[in-house]
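To keep things clear, I will list the structure first and then write my remarks on it.
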Amino acid sequence: MASLKELKGRINSVKSTQKITKAKQMVAAAKLRKAQAAAESARPYAARLAEVMGSLASKITVSENSPKLLAGTGSDKVHLLVVANSDKGLCGAFNSNIVKAARVKARELEAQGKTVLFYLVGRKGRAALRREFPKQIAHMFDTTDVRDPGFNEAERIADELVAMYEAGKFDVAHLFYSKFRSALLQEPTDQQIIPVPAPKAVVSGDAVTEYEPEEEEILAALLPRYLRTQIFGALLENAASEQGASMTAMDNATRNAGDLIHKLTIQYNRSRQAAITTELIEIIAGAEAL
Numbered sequence: 001m002a003s004l005k006e007l008k009g010r011i012n013s014v015k016s017t018q019k020i021t022k023a024k025q026m027v028a029a030a031k032l033r034k035a036q037a038a039a040e041s042a043r044p045y046a047a048r049l050a051e052v053m054g055s056l057a058s059k060i061t062v063s064e065n066s067p068k069l070l071a072g073t074g075s076d077k078v079h080l081l082v083v084a085n086s087d088k089g090l091c092g093a094f095n096s097n098i099v100k101a102a103r104v105k106a107r108e109l110e111a112q113g114k115t116v117l118f119y120l121v122g123r124k125g126r127a128a129l130r131r132e133f134p135k136q137i138a139h140m141f142d143t144t145d146v147r148d149p150g151f152n153e154a155e156r157i158a159d160e161l162v163a164m165y166e167a168g169k170f171d172v173a174h175l176f177y178s179k180f181r182s183a184l185l186q187e188p189t190d191q192q193i194i195p196v197p198a199p200k201a202v203v204s205g206d207a208v209t210e211y212e213p214e215e216e217e218i219l220a221a222l223l224p225r226y227l228r229t230q231i232f233g234a235l236l237e238n239a240a241s242e243q244g245a246s247m248t249a250m251d252n253a254t255r256n257a258g259d260l261i262h263k264l265t266i267q268y269n270r271s272r273q274a275a276i277t278t279e280l281i282e283i284i285a286g287a288e289a290l
């Protein structure tokens, strides 16, 4: 049985931890509001750009002369999995769920005879994937010096992916991130980003739209922008998901710490009462001996 001193030390230690988790919960809650607003604000732009892309794509016939980002390489042998994680922990299963989704996809592709490579964004999740796929890490994008990854990082990632694609290093790229639903729900998402899936065309009645220059030329200019927008949106969704997961994890940790403090306090009081009773018995026994 632990001594009174040990129990008191454990109670104080858990109380200190509880203060930390409570503070982190409040910080995550404050950051969540901003991150959620940013993610939700980016969705209409991405949706509208997809509509424009769909309208353009419906007016052309995809062929080998079409932009490579849309037409593809003509093969799907090599798949690049772009796994977007955070640089920080203490956010529950946020990072591990994204890594798990990428791992499952990788095994499925390998079972089909495909070659799988990884492009890793963020520090968390690297160790697990490097341990399981040591020779398949094509690139690691460092965001440790960036407070909040945003459009600049999305643009750099997109440019690097396009350069790798045009150099023939892969045929298909999938983006893995966590889509924000609520503070309690973050959904690991697998989205093909290269070649860009032809967006659904939007039916606009009998209206006729003429484009200048030609549709293919406009589409070739919009495809890289569309890719950057998709990656930017994923980074924003990740940021909101991370703060939501962190807030929930820290809330659970604070509650668990409270429960543990309660149990330790009961144990401490019982041990203290037992020690007092034993001391009284010894005093009475000593008095009777006299």
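According to my numbering, the sequence shown holds residues 1 to 290 in order. Glycine residues also receive a C-beta, built at the ideal position from the N, C-alpha and C atoms.
- Approximately 15 Å separates the beta-carbon atoms of alanine 183 and threonine 254; this is outside 8 Å, ruling out the contact.
- Under the DSSP assignment, threonine 21 falls in the alpha helix (DSSP H) whose first and last residues are 4-57.
- Here valine 78 carries a strand assignment [DSSP, helix/strand/coil].
- Contact annotation: leucine 235 and alanine 84 have beta-carbon atoms nearer than 8 Å.
- In the three-state reduction of the DSSP assignment, proline 197 falls in the coil class.
- Here isoleucine 261 has Ile11, Val14, Lys15 and Gln18 as same chain residues with Cβ atoms under 8 Å from its own Cβ, once five neighbours each way along the sequence are excluded.
- Distance from the CA of proline 44 to the CA of threonine 189, rounded to the nearest whole angstrom, comes to 19 Å.
- Residues Lys124 of the same chain have their beta carbon placed closer than 7 Å to that of glycine 89, with the five preceding and five following residues left out of the count.
- Excluding residues up to 5 positions away in sequence, Ala239 lie with their Cβ nearer than 7 Å to the Cβ of aspartate 148 in the same chain.
- Spanning the alpha carbons of aspartate 87 and serine 75 requires a straight line of approximately 34 Å.
- With three or more CB-CB distances shorter than 8 Å, the stretch 103-122 counts as touching the stretch 131-138.
- In this model, alanine 127 and leucine 56 are separated by some 42 Å (Cα to Cα).
- A residue is called buried once 16 or more other Cβ atoms fall within 10 Å of its Cβ, and arginine 181, having fewer, is exposed.
- Here the stretch 95-114 makes no contact with the stretch 259-274; the two share fewer than three CB pairs at distances below 8 Å.
- Taking the C-beta atoms as reference points, tyrosine 177 is found no nearer than 8 Å to valine 196.
- In this structure alanine 42 touches glycine 233 by the C-beta definition: roughly 5 Å separates them, less than 8 Å.
- Counting of Cβ neighbours within 10 angstroms places aspartate 159 among the exposed residues, the total staying below 16.
- Of the residues assessed, threonine 143 falls on the buried side of the cut-off, its CB having 16 or more other CB atoms within 10 angstroms.
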